[in-house]
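**Q** Numbering-wise (this note's numbering), the sequence shown opens with residue 32 and increments by one. Below: one structure in structure tokens.
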Amino acid sequence: PTVTINGVLIGGGGVTRTNSATVVLAATTNMYPKLYYTLDGSEPDFTSPLYTSPFVTSNSATVRAIAYNNLVTDKYEAATVALKVIPTYPLTISNGGGTVAISPSHDINPNFYLSNTIVTLSATPGSGWTVTHWTGSVNSADSVINVTMDQPRTLQAVFVTTLNFFTNGNGY
């Protein structure tokens, strides 16, 4: 049998994917059409789950697959695949009156970071504005903060400006 992850034939060993992985098992010969598998690293046998179609997992797994002949008297096992699935999380930033620099830049998709990435956010006020604090997932008065991307995060840099009122004439 063979193990394919997200369309890539894996000949054993480790493979890493983000968020989820599609697992496809295949028999390389019609003489061994019955495929069984485990995802916990235990040795599969004919009492393990019968493979019937591709499946998606969002968890890391140790994929083992075995193919039996029709009489279940002979078998072949695929090379073990250590599948590591790393989640990604979105970072949403809002601001007005200044800019926010983000380092590092996103990993996979715009504004998405691999789990446990530490992101540094630097708020810079525009002319006539002052940064006062951050709200949302982190509350801080510092203009530069670090955020660990271990969940979806929404942050707002709060900037303020001074308004000057002038009256002309008799104070009206």
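No residue lacks a Cβ here, since even glycine has one placed at the ideal position from N, Cα and C. Quick caveat, the model's predicted, so the values are computed rather than measured.
Tell whether a beta-carbon distance below 9 Å holds between Gly-157 and Thr-130.
**A** Yes, the pair counts as a contact, with Cβ atoms nearer than the cut-off.
**Q** Taking only the alpha-carbon atoms, compute the straight-line gap between Ser-174 and Tyr-120 and give it to the nearest angstrom.
**A** Cα to Cα, the separation comes out at about 23 Å.
**Q** Give the C-beta separation of Ala-92 and Pro-32 to the nearest angstrom, bearing in mind that I take them to be a contact with Cβ-Cβ under 8 Å.
**A** Actually they are not in contact, since the Cβ atoms of Ala-92 and Pro-32 sit about 16 Å apart, beyond 8 Å.
**Q** To which residues does DSSP link Glu-55 through a beta bridge?
**A** The question names Glu, yet the displayed sequence has Val at residue 55. Its beta-bridge partners are Thr-35.
**Q** Would you tell me roughly how many angstroms separate the C-alpha atoms of Gly-38 and Ser-171, rounded to the nearest one?
**A** The straight-line gap from Cα to Cα measures roughly 44 Å.
**Q** With a CB to CB cut of under 8 Å and the five nearest residues on each side skipped, what residues in its chain are close to Thr-166?
**A** If we look at Thr-166 and ignore the five residues flanking it on each side, its Cβ neighbours are Leu-186, Gln-187, Val-189.
**Q** Have a look at Thr-35 and Leu-152 and give me their C-alpha separation to the nearest angstrom.
**A** Roughly 39 Å separates the two Cα atoms.
**Q** Below 8 Å on the Cβ atoms is my contact criterion, and I expect Tyr-63 with Ala-98 to pass it. Report the Cβ-Cβ distance as a whole number of Å.
**A** Their Cβ separation, rounded to whole angstroms, is 4 Å, which keeps Tyr-63 and Ala-98 in contact under 8 Å.
**Q** Is Glu-108 helix, strand or coil by DSSP?
**A** Three-state DSSP puts Glu-108 in a strand.
**Q** Note down, one range per segment and in chain order, each beta strand (DSSP E) of at least 3 residues found wholly within the region 79-154.
**A** Counting only runs of 3 or more, we get 86-88, 92-99, 106-108, 112-117, 119-126, 129-134, 143-145.
**Q** Would you kindly report the start and end of the unbroken beta strand (DSSP E) that includes Tyr-68?
**A** Tyr-68 -> beta strand (DSSP E) spans 65-69.
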